[in-house]
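Listed in order, the protein sequences are those of chains A and B. Be aware that the first sequence starts at 0, since it is given in numbering that gives the first Met the number 0, and climbs by one per residue. Be aware that the second sequence starts at 0, since it is given in numbering that gives the first Met the number 0, and climbs by one per residue.
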Amino acid sequence: MDLPKLDIKAEILSNTEVGPNVYEMKVTGEALARQAMPGQFVHVRIPAGMLLLRRPFGVANVDDKGTLTIYYRVMGKGTSAMTSLRSGETLNFLGPLGQGFSLHAKRPLIVGGGMGLAPLLYLAKQLHGAADVLMGGRNASELFWERLFRPYARDIFLTSDDGSRGEKGFVTNLLPRLLSQESYDCIYTCGPEIMMRGIAKIASDHDIPCQASLEKRMACGLGACLSCVCDTTKKERKKICKDGPVFWAQEVFAAD
Amino acid sequence: MLRSSRLEMDFLGMKMHTPVMTASGTFGFGEEFEEFTDLSALGAVVVKGTTLAPRRGNDGVRMTETAGGMLNSIGLENPGVDYFLQTILPRIAKHQMNVIVNISGGSAEEYGELAKRLDVPGVSAIELNVSCPNVKDGGIIFGTDPKAAAAVVREAKTHTNKPVILKLSPNVTDIVQMARAVEDAGADAVSLINTLLGMAIDIQTWRPVLGNITGGLSGPCVKPVALRMVWQVAQAVKIPVIGMGGIMTAEDAIEFFLAGASAVAVGTANFCDPAATRNIMQGLDDYLQHRKISHIREIVGKLVVGKE
Numbered sequence: 000m001d002l003p004k005l006d007i008k009a010e011i012l013s014n015t016e017v018g019p020n021v022y023e024m025k026v027t028g029e030a031l032a033r034q035a036m037p038g039q040f041v042h043v044r045i046p047a048g049m050l051l052l053r054r055p056f057g058v059a060n061v062d063d064k065g066t067l068t069i070y071y072r073v074m075g076k077g078t079s080a081m082t083s084l085r086s087g088e089t090l091n092f093l094g095p096l097g098q099g100f101s102l103h104a105k106r107p108l109i110v111g112g113g114m115g116l117a118p119l120l121y122l123a124k125q126l127h128g129a130a131d132v133l134m135g136g137r138n139a140s141e142l143f144w145e146r147l148f149r150p151y152a153r154d155i156f157l158t159s160d161d162g163s164r165g166e167k168g169f170v171t172n173l174l175p176r177l178l179s180q181e182s183y184d185c186i187y188t189c190g191p192e193i194m195m196r197g198i199a200k201i202a203s204d205h206d207i208p209c210q211a212s213l214e215k216r217m218a219c220g221l222g223a224c225l226s227c228v229c230d231t232t233k234k235e236r237k238k239i240c241k242d243g244p245v246f247w248a249q250e251v252f253a254a255d
Numbered sequence: 000m001l002r003s004s005r006l007e008m009d010f011l012g013m014k015m016h017t018p019v020m021t022a023s024g025t026f027g028f029g030e031e032f033e034e035f036t037d038l039s040a041l042g043a044v045v046v047k048g049t050t051l052a053p054r055r056g057n058d059g060v061r062m063t064e065t066a067g068g069m070l071n072s073i074g075l076e077n078p079g080v081d082y083f084l085q086t087i088l089p090r091i092a093k094h095q096m097n098v099i100v101n102i103s104g105g106s107a108e109e110y111g112e113l114a115k116r117l118d119v120p121g122v123s124a125i126e127l128n129v130s131c132p133n134v135k136d137g138g139i140i141f142g143t144d145p146k147a148a149a150a151v152v153r154e155a156k157t158h159t160n161k162p163v164i165l166k167l168s169p170n171v172t173d174i175v176q177m178a179r180a181v182e183d184a185g186a187d188a189v190s191l192i193n194t195l196l197g198m199a200i201d202i203q204t205w206r207p208v209l210g211n212i213t214g215g216l217s218g219p220c221v222k223p224v225a226l227r228m229v230w231q232v233a234q235a236v237k238i239p240v241i242g243m244g245g246i247m248t249a250e251d252a253i254e255f256f257l258a259g260a261s262a263v264a265v266g267t268a269n270f271c272d273p274a275a276t277r278n279i280m281q282g283l284d285d286y287l288q289h290r291k292i293s294h295i296r297e298i299v300g301k302l303v304v305g306k307e
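Pasting the structure below:
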């Protein structure tokens, strides 16, 4: 049974750049924040000129005061407009939407890249420090996430494309070694699709359950417009906004 | 729960609490919006375009935002009429909505077959989609050729006792000619406009943004076009007109009533604000109350033109 979705006027508490072109926005999330499960998202209306559609963001943190945190990278007109919002202003937040992660793991490993790390942060928190985290970025400056994950993670492993921080290469290069050293019982992943496909393949080879959080352009966020569908391995259509964004990897990524 | 004598009406035999409907493809099967609007107050919920066989819809990017609007090329993804009848229709019955089923076929006979299968309790009316721009066999030919459109209407009317609404495409030279043709063929009402055919290009990759290359434009940017077409059609036909195209607010809806629409449908606004229909229904009632107008029908087609 899904909890009711809410439509709230959220007051911005802070909106600051925390990494290269990446912003952290904290808002008064009220009941919406208290209901949000890791992996669920909020759909945010941006009060700017000709912008029409909401923008979806994974819930990246919730505290006991009901403060809700999202992260966004400046990509286009919408996120660009968001950077000029100041604390005290209000935004309409719709959520929590979608199906989140299943939290039943005892020895979880979180694997994320880029902005995919945002929803994984709240997941790490809700796994109460039990999770190891493997994160990748293009370079050291994009791995500012390490600082954010530190309070919620057991061990943190880093890779960077240019080798400026952690191991040179992709998370998929380091993952097999981590799996040979430790017996994880679930892998949680979010990031570029090509990365998640790689993770899902490795997880499948090691017979470890894997959950992946997908992303696609969406309009309504409620399962009505059918903009954000993906294919399952059985060639069925699933709605990322409503059936996902979190799926069991074998449901959406072929094992070969 | 909004109940107002100013907005209640009988429309094509349907008892409606308000003249505010939802546009097909923008409101799912209604149930997706139950937490945000008063489903039973809506005049009708026009459900997602339905075909005889299930359809997977288009691949690739299906939607993109444009200035003041959006392009979609969903491609009529739907579970097929049998699944709709067996699973969805019984499930949404509890919401007490007038359910209008939007149907698409590849031939006049398919429209007839769909109309026949949907001639069941729980379906209030059918809307013929002869203007989906996003599939090759989605009936666009029926939406641009008056004779073909008339044939589809006749075929549907022969196979159902439900009211038959024809949804007009704006992608024609003369929408009035289309409206007259379907009125003569026996359509009970026309709804307009469907989306305007458009496209967007990614200048980094030099590729179309949409997987289907072109898509249907909707949202506030199309409202002036929609309003003009509703005004032209309303003057030309005697059957009721359901006006839609970029309605975001009650004020937008009032413009459509003044232009001659007897009812309106809200589409893209549902994506921006899932409570849009609730606000529009309330706003209409407030407008009428404020201006001491006893019923919405008193403003239908009351556009004043010429010298004061």
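All C-beta atoms, glycine included, are put in the ideal place defined by N, C-alpha and C.
- At a cut-off of 8 Å between beta-carbon atoms, glycine 115 of chain A makes no contact with chain B.
- Counting only Cβ-Cβ distances below 9 Å, glycine 56 of chain B has contacts in chain A at Leu225, Val228 and Arg236, in chain order.
- Taking a Cβ-Cβ threshold of 7 Å, the residues of chain A close to alanine 66 of chain B are Met49, in chain order.
- Against proline 3 of chain A, the close residues of chain B are Glu34, in the order they occur along the chain (beta-carbon pairs closer than 8 Å).
- DSSP places cysteine 240 of chain A outside both helix and strand once states are collapsed to three, so it counts as coil.
- Taking a beta-carbon distance threshold of 8 Å, glycine 282 of chain B does not count as an interface residue toward chain A.
- Distance from the CA of methionine 177 of chain B to the CA of asparagine 101 of chain B, rounded to the nearest whole angstrom, comes to 19 Å.
- Classified as exposed, serine 83 of chain A has fewer than 16 neighbouring CB atoms from the shown chains inside 10 Å of its CB.
- For valine 304 of chain B, no alpha helix (DSSP H) segment is defined, and its DSSP state is neither H nor E.
- When secondary structure is reduced to three states using DSSP, proline 175 of chain A falls in the helix class.
- Taken through DSSP and simplified to helix, strand or coil, glycine 197 of chain B comes out as strand.
- In the DSSP assignment, serine 293 of chain B falls outside any alpha helix (DSSP H), carrying neither H nor E.
- Less than 8 Å divides the Cβ of asparagine 91 of chain A from the Cβ of arginine 44 of chain A.
- Within the same chain, no Cβ atom closer than 6 Å to the Cβ of glutamate 250 of chain B is found once the five residues on either side in sequence are excluded.
- Isoleucine 73 of chain B belongs to the set of residues whose beta carbon lies under 8 Å from a beta carbon in chain A.
- Around the beta carbon of glycine 75 of chain A, fewer than 16 other beta carbons sit within 10 angstroms, so the residue counts as exposed.
- Neighbours of alanine 32 of chain A in chain B, taken as residues whose beta carbon is under 7 Å from its own, are absent, since the nearest beta carbon is some 17 Å off.
- Proximity of the segment 63-75 of chain A to the segment 124-131 of chain A falls short of the contact definition, fewer than three beta-carbon pairs being nearer than 8 Å.
- Counting the other Cβ atoms within 10 Å of the Cβ of isoleucine 212 of chain B gives fewer than 16, which makes it exposed.
- Excluding five sequence positions before and after glycine 12 of chain B, the CB atoms of its chain that fall closer than 7 Å to its own CB belong to Pro162, given in chain order.
- Interface with chain A (8 Å Cβ-Cβ cutoff): valine 60 of chain B is included.
- Taking a cut-off of 8 Å on C-beta distances, the segment 84-99 of chain B does not touch the segment 53-73 of chain B, as fewer than three cross pairs fall below it.
- Lysine 291 of chain B and alanine 80 of chain A have their C-alpha atoms spaced approximately 41 Å apart.
- Here DSSP, grouped into helix, strand and coil, assigns glutamine 98 of chain A to strand.
- Close partners of glycine 222 of chain A in chain B (Cβ separation under 7 Å): Gly27 and Glu31.
- Residue environment: tyrosine 187 of chain A is assigned as buried (16 or more neighbouring CB atoms within 10 Å of its CB, all protein chains considered).
- Looking from the CA of tyrosine 151 of chain A, the closest CA among A/Met194, A/Gln125, A/Ser163 and A/Leu52 belongs to A/Gln125.
- Residue A/Arg137 holds the alpha-carbon nearest to the alpha-carbon of glycine 111 of chain A among A/Arg137, A/Ser101 and A/Gly97.
- By DSSP's assignment, aspartate 131 of chain A forms a beta bridge with A/Leu108.
- Under the Cβ criterion (8 Å, minimum of three pairs), the segment 164-175 of chain A counts as touching the segment 194-201 of chain A.
- Counting only residues of its own chain and dropping the five nearest sequence neighbours on each side, alanine 32 of chain A has a CB closer than 6 Å to the CB of Val61, Gly65 and Leu67.
- For arginine 53 of chain A, the closest Cβ of chain B is nearer than 8 Å.
- At a cut-off of 8 Å between beta carbons, asparagine 269 of chain B contacts chain A.
- Arginine 54 of chain A: member of the beta strand (DSSP E) spanning 54-57, first to last residue.
- Of all residues in the segment 90-101 of chain A, those with a C-beta nearer than 9 Å to a C-beta of chain B are Asn91 and Leu93, reading in chain order.
- Taking a contact as a CB-CB distance under 8 Å, the pair valine 46 of chain B and valine 98 of chain B counts as one, their CB atoms being some 6 Å apart.
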